[in-house]
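K.L.:
Residue numbers (the numbering used here): 1 to 301.
Just so it is clear, CB atoms sit at the ideal spot from N, CA and C, and this is done for glycine as well.
Quantities reported herein were computed from a predicted structural model and do not represent experimental measurements.
Questions regarding the structure given below will be posed in turn.
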Ligand code: 13P
Ligand code: SF4
């Protein structure tokens, strides 16, 4: 199956982009593997005719919005991020009417409709930098309350109003589970994604995006880590650090939607060129602005 995928990629000038939460065999056949920010940059720059995006829907949709002339395919169009929808109808308008200078800051894990109503997008790796750079005092951060809380801690000079959404997978990681792993592995450092709850973030040695966690583990002299994010990162952590040990909270955090990206589905979508992502014009132009603003601010020195 892998050989056939390689063959089709060449024949059709296609590239495979995969998030670190995609299954290991998908990361193996991917041309680019990364966190949401890296993948958005790659999607924008890509010269391929076809982009096969192995992630969840908002990622494929953002790729299409950033690079509309490309054919963007997803192995399973139903792979969705539950948090992407967690903003109540009307709340953005209500907040805008309450504060004159409000900036709506939208985590990229959101629908294109929500991006359209926002001033700027962020990912977990650039949210602090982008919020700091905004001239506005009042920020409405959607949809993730946990990333919002993390940003609020790092940027105390802003009034950050936080929406009530969260990632159901990260929110299930409890401080008790992490403490249990700590008791078993007292020398391990705790590496945490900012989508985790505040009490887990507070007990962590490092907080960052999936790519930042992977980078930290590679550079660290420590040999043991408790990793508080989705278990898909384990593939890259183990590949990069065969001599280090990685432990996870139990039950293992698993995003079922990310696991819909199977080799069979990748092969099928490359063969049939179905399961294409479309973004209607108004939606596309509305969501493009906050995405491009993110790429611009994050790229500045
Ligand atoms: P990253 O920004 O680390 O890619 O996070 C994306 C995500 O969905 C985390 O749950
Ligand atoms: Fe969405 Fe959570 Fe899955 Fe990430 S892990 S894609 S935030 S549901």
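1. Mind checking whether residue 302 and residue 122 have CB atoms under 9 angstroms apart?
2. Should residue 5 and residue 260 be called a contact, given that it needs their Cβ atoms to be closer than 9 angstroms?
3. Assuming the contact rule is C-beta atoms closer than 8 angstroms, residue 20 and residue 236 should be a hit. Round their C-beta distance to whole Å, please.
4. Starting from the Cα of residue 131, find the closest Cα among 152, 111 and 208 and give me that residue.
5. Fully enclosed by the stretch 90-162, which beta strand (DSSP E) runs are 3 residues long or longer?
6. For ligand 2, is there any heavy atom lying closer than 8 angstroms to the beta carbon of residue 56?
7. Tell me the rounded alpha-carbon separation between residue 169 and residue 204.
8. From which residue to which residue does the beta strand (DSSP E) around residue 225 run?
9. Can you check which of these residues, 179, 287, 37 and 54, is closest to residue 73 by C-alpha distance?
10. Does DSSP put residue 173 in a helix, a strand or coil?
11. Any residue with its Cβ nearer than 7 angstroms to a heavy atom of ligand 2 should be included. What is that list in chain order?
12. For the alpha helix (DSSP H) containing residue 53, name the first residue and the last one.
13. Return the chain-ordered list of same chain residues with a C-beta closer than 7 angstroms to the C-beta of residue 83, the five sequence neighbours on each side being excluded.
14. Is residue 226 closer than 9 angstroms to residue 193 when the C-beta atoms are compared?
15. DSSP on residue 275, reduced to helix/strand/coil?
16. Counting C-beta neighbours from all protein chains within 10 Å, is the total for residue 210 16 or more, i.e. buried, or is it exposed?
17. Under the DSSP definition of a beta bridge, which residues are partnered with residue 210?
18. Hey, residue 247 and residue 231 are a contact pair by Cβ (cut 8 angstroms); roughly how many whole angstroms apart?
19. Would residue 80 and residue 212 be called neighbours here (beta carbons separated by less than 9 angstroms)?
20. Could you tell me if residue 61 is buried or exposed, where buried requires 16 or more neighbouring beta carbons within 10 angstroms of its beta carbon?
21. Could you spell out the range, first to last residue, of the alpha helix (DSSP H) harbouring residue 291?
22. Around the Cβ of residue 197, are there at least 16 other Cβ atoms within 10 angstroms (buried) or fewer (exposed)?
23. Among 149, 201 and 14, whose alpha-carbon lies nearest the alpha-carbon of residue 177?
24. Return yes when the C-beta of residue 216 is under 8 angstroms from any heavy atom of ligand 1, and no when it is not.
25. Would you list, in sequence order, the uninterrupted beta strand (DSSP E) runs of no fewer than 3 residues that lie entirely inside the stretch 11-44?
P.N.:
Taking the structure as given:
1. Residue 302 is absent from the model: the chain starts at 1 and stops at 301.
2. Going by C-beta atoms, residue 5 is not nearer than 9 angstroms to residue 260.
3. Residue 20 to residue 236, Cβ: 6 angstroms. Contact.
4. Checked all of 152, 111 and 208; the closest Cα to residue 131 is 152.
5. The qualifying runs are 103-107, 120-122, 138-142 and 159-162.
6. In this structure, residue 56 has its beta carbon less than 8 angstroms from a heavy atom of ligand 2.
7. About 18 angstroms.
8. 224-228 is the span of the beta strand (DSSP E), which, as asked, contains residue 225.
9. Answer by Cα proximity: 54.
10. Reduced to three states, the DSSP call for residue 173 is coil.
11. Matched residues: 21, 56, 81, 82, 83, 84, 109, 167, 168, 169, 170, 195, 230, 255, 257 and 258.
12. Careful: residue 53 lies outside any alpha helix (DSSP H), inside the beta strand (DSSP E) at 50-54.
13. Taken in chain order, the residues that qualify are 109, 143, 144, 165, 166 and 167.
14. At a Cβ-Cβ threshold of 9 angstroms, residue 193 and residue 226 do not count as neighbours.
15. Note: residue 275 maps to coil in three-state DSSP.
16. Classification of residue 210: buried, given that the 10 Å Cβ count is 16 or more.
17. Bridge partners of residue 210 according to DSSP: none are assigned.
18. Between residue 231 and residue 247 the Cβ distance is about 11 angstroms, and since that is not below 8 angstroms, they are no contact.
19. Not closer than 9 angstroms, so no.
20. Looking at its Cβ environment, which holds 16 or more other Cβ atoms inside 10 Å, residue 61 is buried.
21. Here the alpha helix (DSSP H) through residue 291 covers 281-299.
22. So residue 197 counts as buried.
23. Closest by alpha carbon: 201.
24. No.
25. Within the stretch 11-44, the complete beta strand (DSSP E) segments of 3 residues or longer fall at 14-19 and 32-34, listed in chain order.
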